[in-house]
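Right, one structure below, let's go through it.
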């Protein structure tokens with residue numbers, strides 16, 4: 001056995017072939033603070049040595065020979081992009097110098113429906129909402145808009161620590177034309193032929209003037225320098241300055257006026273003079289896979305223009321169907337890119353689901369919504385730190401499948417982008433997932449497209465594509481290969497379905513013409529779709545079914561019940577609010593139940609047009625405008641809320657209103673509907689000339705009228721949930737039951753809070769009295785030190801947190817009771833007007849306040865209640881006389897020392913007076929006597 005194995009080993013070739021050196025990047029874009037990476041021992045860089053792209057973003061500078069073939073060079077650098085997520089390509093100088101001037105292309109460009117990016121969030125993660133602006137903008141208007149102080153980019157002197165990141169603002173005045181346009185729009189038009197002709201002429205004149213201004217602007221517009229902020233040159237946009245701008249962007253993300261983004265504008269600024277790397281005409285596996293006769297999928301294989309400004313962002317996402325993409329900046333400020341290596345794609349997705357859990361649960365592909373922004377520092381904390389790269393004007397950025405990327409613009413610029421595919425994408429496209437909840441998501445059936453192209457190749461051999469791994473299906477009907485699904489309202493992308501060759505095709509496969517390109521022109525096409533090509537595949541545009549408008553048979557409510565419907569005698573055709581509220585019915589009907597309850601309407605028996613008698617609803621034309629404008633609180637749909645004539649809650653001036661049918665069926669919603677009685681009312685025809693006005697009060701009163709007939713009306717009581725006593729009682733019972741359970745769970749002597757009119761008190765619980773729905777607590781201690789108990793209802797018990805100061809009764813119990821005040825004998829001046837002598841004695845009576853606060857002390861002279869004096873000879877009772885101002889604070893009282901020479905008035909030793917600014921109670925005020933001793 002050994003003899004046979006030895007020759008095989010000796011005659012075999014060398015153990016392994018010499019490794020091929022992959023195309024080498026010119027450098028790796030990384031932070032300016034990080035050191036440059038070093039090559040391996042062989043002296044070159046290998047992408048397999050750095051699966052997580054820790055070196056940075058590869059940057060390539062190909063020669064013209066390498067650059068000439070787009071697909072070949074993309075296959076060479078794919079080994080790098082499949083690790084780093086994105087790469088940057090700097091084209092050779094020969095290619096850049098050969099580009100034609102772009103002023104001619106800009107002349108026909110219109111920016112359709114730019115978006116305003118509203119960013120909400122904090123803490124490094126944000127949600128982006130795009131609000132479409134329904135307007136078209138020329139290049140001049142976009143440049144002028146970006147130059148406004150609230151939108152323009154900061155200059156080199158306005159970024160950094162010294163300037164504080166503040167942008168110098170200058171006052172701007174609105175142009176006369178803008179003011180005139182605003183005034184014209186604000187005016188109320190008069191609809192007549194002469195006015196319409198003048199307005200049409202005015203619009204044509206304004207459009208001609210606008211086109212003239214646009215042409216004059218483009219004659220002097222220099223795309224490569226006119227975008228620069230004040231005091232800044234293109235050379236200032238160094239990697240360090242761009243990093244400073246990025247820090248300022250994240251510090252102020254979501255602050256200030258929302259930026260605009262002219263995204264997804266179909267068109268191209270490349271002309272047919274540019275043969276290689278023309279973004280509008282890239283040969284790739286995707287262009288070979290799709291039918292040549294296809295009009296294209298906007299933004300997928302037909303280019304989009306992107307008009308950016310400072311802070312305009314593109315959120316974290318991957319391309320539709322995990323395709324490749326190419327982005328080229330024609331002119332303007334750089335773009336700041338972030339990229340997640342494919343090796344960290346799964347941890348990144350989990351991190352984003354943690355930051356946006358609701359969206360992650362709702363849609364597994366929620367990152368394809370392009371709505372979520374997360375700062376690099378926030379991602380670094382989750383071990384998903386992204387790489388970054390700055391794309392300068394005239395440079396290409398290539399994104400790869402499963403390469404999540406995001407970024408923002410550093411100022412005014414114009415970029416062009418499109419998707420493409422390499423042969424390696426075929427396997428990726430078969431397993432790529434599409435978002436199910438976004439209306440314009442793209443789906444591509446790779447295997448079906450391959451089968452279609454193979455069928456065409458059998459008839460006309462032009463090119464071949466890789467064979468599918470699955471055998472062809474035996475189904476007879478063709479399945480749509482590419483579909484873009486949208487609802488009834490079209491958005492940015494069309495709903496296009498490209499069908500393969502089948503019995504429904506307009507022409508057969510052999511008659512398919514070769515792939516046609518648009519006609520040669522230097523002016524970029526700004527139309528929505530490129531011209532149609534000849535071919536056999538059929539493009540069908542499918543729109544969703546038109547939503548059916550819900551019909552309500554009754555003009556007064558939203559019930560679909562047919563029973564009890566009666567015709568309306570006099571429909572209010574001339575009243576706009578009634579027609580809109582009733583839904584412009586062709587046949588006016590109303591329920592008897594609604595007509596009986598609504599105050600203005602009733603049911604009567606009339607002669608019908610066919611000669612027989614029947615019941616009709618009268619008074620609908622008399623329903624007041626305010627009732628038609630009421631919105632039903634019980635309805636959930638907007639149209640249902642505004643339909644009919646609701647009636648309001650009968651409690652006071654409550655504004656809630658309900659349809660009669662909604663109120664009847666609103667028991668589950670807490671609405672009370674109760675019939676009180678049926679009353680007989682008079683229908684009176686009044687003449688306004690018989691109304692008299694009271695000359696004193698200016699109020700009118702009627703002097704009678706003609707009684708037409710007596711009708712019966714149903715008086716009802718309708719109460720909303722807030723005013724429904726049953727709901728209030730149920731809530732109160734539930735609350736008391738919860739308090740009872742909480743109280744029974746408390747051990748004895750627990751501290752609870754009692755809220756009464758005097759304040760919030762914390763007391764000790766003694767027992768819970770269930771039969772009386774109350775609690776017994778320790779309230780105070782008397783003079784002898786005995787416990788004073790009090791009983792409170794459960795409604796006074798406050799469970800949980802409370803606002804305001806809490807008086808702790810437990811603190812009061814820890815102190816001994818204060819001694820009762822003693823009676824003192826004091827001398828009081830006499831009331832005699834002729835003498836200054838004083839009476840022998842007077843008694844000061846001090847009564848403790850029931851809540852612990854002292855009551856004001858009264859000074860009463862020692863005389864009878866009915867004493868005669870020269871001034872009161874008939875014995876009129878005299879008022880108590882207080883010779884000195886008296887004040888009381890805290891737990892006692894004291895008397896001021898008199899200033900008239902008399903002896904002072906004393907009391908027991910009190911606590912000191914309160915500080916300035918403390919609360920003064922009524923019994924703490926100073927009482928002064930004037931004249932007869934009455935306190936004022």
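Numbering (full-length UniProt numbering), first residue to last: 1 to 936.
Idealized CB from N, CA, C, for every residue including glycine.
Hey, quick one: how far does the alpha helix (DSSP H) through residue i stretch, first residue to last?
i: residue 426; result: 425–431
i: residue 285; result: 285–289
i: residue 643; result: Careful: residue 643 lies outside any alpha helix (DSSP H) and carries neither H nor E.
i: residue 142; result: 139–146
i: residue 65; result: 64–67
i: residue 346; result: 345–355
i: residue 241; result: 239–251
i: residue 97; result: 93–97
My output table needs one value for residue i: the three-state DSSP class, helix, strand or coil.
i: residue 195; result: helix
i: residue 204; result: helix
i: residue 450; result: helix
i: residue 557; result: coil
i: residue 315; result: strand
i: residue 678; result: strand
i: residue 107; result: coil
i: residue 217; result: helix
i: residue 897; result: Only weak support exists for where residue 897 lies, its pLDDT of 45 falling under 50; the value from the coordinates is given anyway. Looking at residue 897 - three-state DSSP - the assignment turns out to be coil, as it is neither helix nor strand.
i: residue 134; result: coil
i: residue 401; result: coil
i: residue 38; result: coil
i: residue 374; result: strand
i: residue 20; result: coil
i: residue 51; result: coil
i: residue 260; result: strand
i: residue 631; result: coil
i: residue 33; result: coil
i: residue 669; result: coil
i: residue 759; result: strand
Tell me, which residues are paired with residue i by DSSP?
i: residue 122; result: 125
i: residue 567; result: 589
i: residue 764; result: 751 and 778
i: residue 584; result: Beta-bridge pairing links residue 584 to no other residue.
i: residue 340; result: Partner(s): none; residue 340 has no beta bridge.
i: residue 648; result: 657
i: residue 58; result: 28
i: residue 272; result: The partner list for residue 272 (beta bridge, DSSP) is empty, contrary to what the question assumes.
i: residue 298; result: 302
i: residue 407; result: 314 and 337
Return the first residue and the last residue of the beta strand (DSSP E) that residue i is part of.
i: residue 413; result: 413–420
i: residue 75; result: Counting along the chain, residue 75 falls outside any beta strand (DSSP E), though it belongs to the alpha helix (DSSP H) covering 70–84.
i: residue 435; result: Element bounds for residue 435: n/a, residue is neither H nor E.
i: residue 391; result: 387–391
Apply the 10 Å Cβ neighbour rule to residue i and answer buried if 16 or more other Cβ atoms are within range, or exposed otherwise.
i: residue 787; result: exposed
i: residue 327; result: buried
i: residue 335; result: buried
i: residue 222; result: exposed
i: residue 395; result: buried
i: residue 678; result: exposed
i: residue 211; result: exposed
i: residue 815; result: Its pLDDT being 43, under 50, residue 815 is placed unreliably in this model, and the value from its coordinates should be taken loosely. With fewer than 16 Cβ atoms within 10 Å of its Cβ, residue 815 is classed as exposed.
i: residue 596; result: buried
i: residue 758; result: exposed
i: residue 437; result: exposed
i: residue 633; result: buried
i: residue 559; result: buried
i: residue 769; result: exposed
i: residue 246; result: buried
i: residue 20; result: exposed
i: residue 342; result: buried
What ranges does the beta strand (DSSP E) occupy inside the region 703–752, keeping only unbroken runs of at least 3 residues that lie completely in it? 706–719
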